[in-house]
């Protein structure tokens, strides 16, 4: 099948609508679970007698599994059919949600979260691919902008939804809520979404194993660093092994006939800058949210719902900004919005760091919340459309998987690094001790988001070309002026 045939929609308006609904609701469900547990962490800690490392893994088991299997999920869709794998991923996610809800201890919860992440890895990249194929080219910027807005909104609403559910019932219900939605989405996908396949029919299992074990080693070492000592064998060995395996993954992918992540894609400056700025953004913001949701409850004394409500100036900003940012991105391009979004995220986290104290008033924190929400909105909304515009049509699935994998890995590393900084400088013993650990951790988040903004500025202005893939021999795709 030619590039043009793959890119051309082959569906009617009704099927487009069903495809948008299936992809959007599944995306919302998977993205929401990135952070839905954050406001539930104090309840989980009390109920399951979990320590800081177990809480980190409750978050990281999902994001790590999600991240390292994203590109495999995209490849499975290309090989076995995107509709089929998308529905299978929703099914896995639904079953794992039920397992998390009935988990009797932190170990079982962490395992269920890892399985959830595996299901989400089949949902997110394929949702973008099936939506891109279904929508007519002239309507794709609007559709992809909505897709990005839904993704950002789901991530942002996670703490609020988690807080509301825990307040109204128990932390287990944050997982039970996924089950009826999943049971609706599986038959909807199988009956209403068109099937499609990608050009790559081989699975890169060696590459998947190398990158999965490599990232597991890095995160395992980082999470254990503070409690076991940074010079201990139990910390140095997994980090060193992880680094070696990641290097082996890069070397293998450069030689593989059909790699899961073609290294030639990184010759595309726009793709590289967009991908690494996303990693840095998620590292700074996700790591900070992991601590801030506990700060609102443990230090300022809010209930889970109270903490979620007070984060609303942050979490609801995508709803306000999306209708404005979409047309603005179409007019001036996505690059300025991504750069500004990362800079504003850094400014919001800096405001938190400057004002954090056991007795700070909520009014003093509102500017930080607004800046953080505005920054997240400006980053998320144009990202999907910008990404799809800088790569060829036959590389869109791989590009989506790689970009989202890097962002999720950034979230994993951010939680691990900022939690390590927190425990090195503070703890849970008193409100002041928590703040003593929070402030330096937030400044690390500021630095990560700030570097991400500088990295995004490297996206070329004007017209940019997607890097050619000599193995495919396909022509390059030009990016519209203003990107």
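Numbering (my numbering), first residue to last: -10 to 472.
Idealized CB from N, CA, C, for every residue including glycine.
Note that this is a predicted model, so its numbers are computed, not measured.
Note down, one range per segment and in chain order, each alpha helix (DSSP H) of at least 4 residues found wholly within the region 255 to 333. 258 to 287, 293 to 299, 301 to 304, 306 to 321
Residue 233: which of 204, 92, 9 sits nearest, CA to CA? 204
Residue 247 in three-state terms, based on DSSP: coil
Measuring alpha carbon to alpha carbon, tell me which residue in 437, 392, 193, 219 is nearest residue 407. 437
On the CB-based measure, 16 or more other CB atoms within 10 Å of its CB, does residue 278 come out buried or exposed? buried
Alpha-carbon spacing of residue 107 relative to residue 59, whole angstroms: 8 Å
In three-state DSSP terms, what is residue 422? helix
Rounded straight-line distance, which links the Cα of residue 38 to that of residue 447: 46 Å
CB contact flag (residue 163, residue 171, <8 Å): no
Cβ-based neighbour list, residue -7, same chain, cut-off 7 Å, excluding 5 preceding and 5 following: Only weak support exists for where residue -7 lies, its pLDDT of 40 falling under 50; the value from the coordinates is given anyway. There are no such residues.
Length-filtered (4 minimum) alpha helix (DSSP H) runs lying within the region 86 to 150: 95 to 123
Between the Cα of residue 338 and those of 433, 302, 397, spot the shortest distance and give me the residue it belongs to. 433
Residues near residue 143 by beta carbon distance below 6 Å, same chain, minus five either side: 17, 20, 21
Could you give the residue range of the alpha helix (DSSP H) that holds residue 417? Neither: residue 417 is in no alpha helix (DSSP H) and is coded neither H nor E.
Given residue 210, which residues of its chain have a CB within under 6 Å of its CB, disregarding the five upstream and five downstream residues? 224, 227, 228
Could you tell me which whole alpha helix (DSSP H) segments of length 4 or greater appear in the region 164 to 235? 167 to 181, 194 to 217
What residues in its chain sit with their C-beta under 6 Å from that of residue 336, if we drop five residues either side in the sequence? 360
Looking at the structure shown, is residue 406 part of a helix, part of a strand, or coil, going by DSSP? helix
From residue 123 to residue 8, what does the alpha carbon distance come to, in whole angstroms? 7 Å
In angstroms with no decimal places, state the Cα-to-Cα distance between residue 128 and residue 118. 15 Å
Using DSSP with H/G/I as helix, E/B as strand and the rest coil, what is residue 449? coil
Counting C-beta neighbours from all protein chains within 10 Å, is the total for residue 450 16 or more, i.e. buried, or is it exposed? exposed
State the start and end residues of the unbroken alpha helix (DSSP H) segment that holds residue 62. 41 to 69
For residue 20, which of helix, strand or coil comes out of DSSP? helix
Residue-level contact to chain C via CB, residue 13, 8 Å cutoff: Protein chains in the displayed structure number just one, and chain C is not present.
Classification of residue 316 by the beta-carbon crowding that lies within 10 angstroms, buried from 16 upward: exposed
Consult DSSP for residue 381 and reduce its assignment to one of helix, strand or coil. coil
For residue 284 and residue 427, believed in contact at Cβ under 8 Å, the rounded distance: 6 Å
Once DSSP output is grouped into helix, strand and coil, what is the label at residue 465? The pLDDT assigned to residue 465 is 32, lower than 50, so where the model puts this residue is not dependable; a value taken from the coordinates is nonetheless given after this. Looking at residue 465 - three-state DSSP - the assignment turns out to be coil, as it is neither helix nor strand.
Across the region 348 to 365 and the region 396 to 407, are there enough close Cβ pairs to call them in contact, namely three or more that are closer than 8 Å? no
Can the beta-carbon of residue 260 be found less than 8 Å from the beta-carbon of residue 443? no
CA-to-CA distance, residue 345 to residue 445, given in whole angstroms: 29 Å
When burial is assigned at 16 or more other CB atoms within 10 Å of the CB, is residue 27 buried or exposed? buried
Segment contact, 8 Å Cβ cut-off, at least three pairs: the region 291 to 310 with the region 358 to 375: yes
Starting from residue 31 and walking both ways along the alpha helix (DSSP H), at which residues does that stretch end? 30 to 37
From the DSSP output, in three-state form, read off residue 7 for me. helix
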